[in-house]
Amino acid sequence: MTPIDRISSLSPAAQPGTSSVETAADATRAALGQVGHRVLAWVGAVAPTSAPAEAWTAQAGVSDGFRPDMAELARGGDVYGLKGLTDMLSDRFGATPAQSGELHRALEDFTRAAVVHVAGLSGGSADQQIAAMGQALDASVNGNGSGGNYGGIDGVIDGVNAAAARLSVGLE
28 MTPIDRISSL SPAAQPGTSS VETAADATRA ALGQVGHRVL AWVGAVAPTS
78 APAEAWTAQA GVSDGFRPDM AELARGGDVY GLKGLTDMLS DRFGATPAQS
128 GELHRALEDF TRAAVVHVAG LSGGSADQQI AAMGQALDAS VNGNGSGGNY
178 GGIDGVIDGV NAAAARLSVG LE
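So, in structure tokens, the structure goes:
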């Protein structure tokens, strides 16, 4: 992030009784929860089983209703809907184009690690499949990233990067 990006990015005012750090943490957790739902939706479309999805819902919250689109898969497009998720978060936090790009890359990294993790444990129990994803979700909001204390879009980016790093540890 350049100094110009920091000057030009304005985060909206936090809701009464919350700080921008809490708002960023909540947004990060919700976004990563949705990515987990989307990854598990694709797993369910290929090998139907509801146990991992139910376990993930119990940990991450309710899905936004995402459904796998085989036509999008055939086109080689954005099968996890990360562009829409990035745009929503960027709009909410007033991100610059550079910050939006950084957020999109972080979401892609997390999604890639989640897919590899879940696919690698496809024969395991639901708890095994989501354990590392849950730890990554917790890492995203517990300040385990490089910055950990940023509010606004920088906090969201930092949280997603922390989660991707935590999930990738188990892949090495």
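Residue 28 is where the sequence shown starts when you use the working numbering, and the numbers rise one by one after that. Even for Gly, the Cβ is constructed at its ideal location relative to N, Cα and C. All figures in this text were calculated on a predicted structure; none of them were measured in a lab.
- In this structure, DSSP gives residue 120 a helical state, which the three-state scheme calls helix.
- Of the candidates 107, 146, 92, 90, the residue whose Cα lies closest to the Cα of residue 98 is 107.
- Membership of residue 179 in the alpha helix (DSSP H) is indicated by the continuous run 179-196.
- The beta carbon of residue 135 is closer than 8 Å to those of 109 in its chain, skipping five residues each way along the sequence.
- Cβ contact annotation for residue 158 (same chain, cutoff 7 Å, sequence separation greater than five): none.
- Per DSSP, residue 102 is one residue of the alpha helix (DSSP H) stretching across 97-102.
- Shown here, residue 111 sits in a helix according to DSSP, grouped into three states.
- Assigned with DSSP and collapsed to three states, residue 53 falls in helix.
- Around the beta carbon of residue 185, 16 or more other beta carbons lie within 10 angstroms, which makes this residue buried.
- Its chain contains 91 as the residues whose beta carbon lies nearer than 6 Å to that of residue 61, once the 5 sequence neighbours on both sides are disregarded; these appear in chain order.
- Rounded to the nearest angstrom, the Cβ distance from residue 183 to residue 93 is 19 Å, too far for a contact under 8 Å.
- For a cut-off of 8 Å, the C-beta gap from residue 83 to residue 63 is around 5 Å, short enough to register as a contact.
- By the Cβ neighbour-count rule, residue 102 is exposed, with fewer than 16 other Cβ atoms within 10 Å of its own.
- Remark: C-beta atoms of residue 188 and residue 133 approach each other more closely than 9 Å.
- Closest option to residue 139, judged by alpha-carbon separation, among 114, 51, 52, 105: 105.
- Per DSSP, reduced to three states, the secondary structure at residue 143 is helical.
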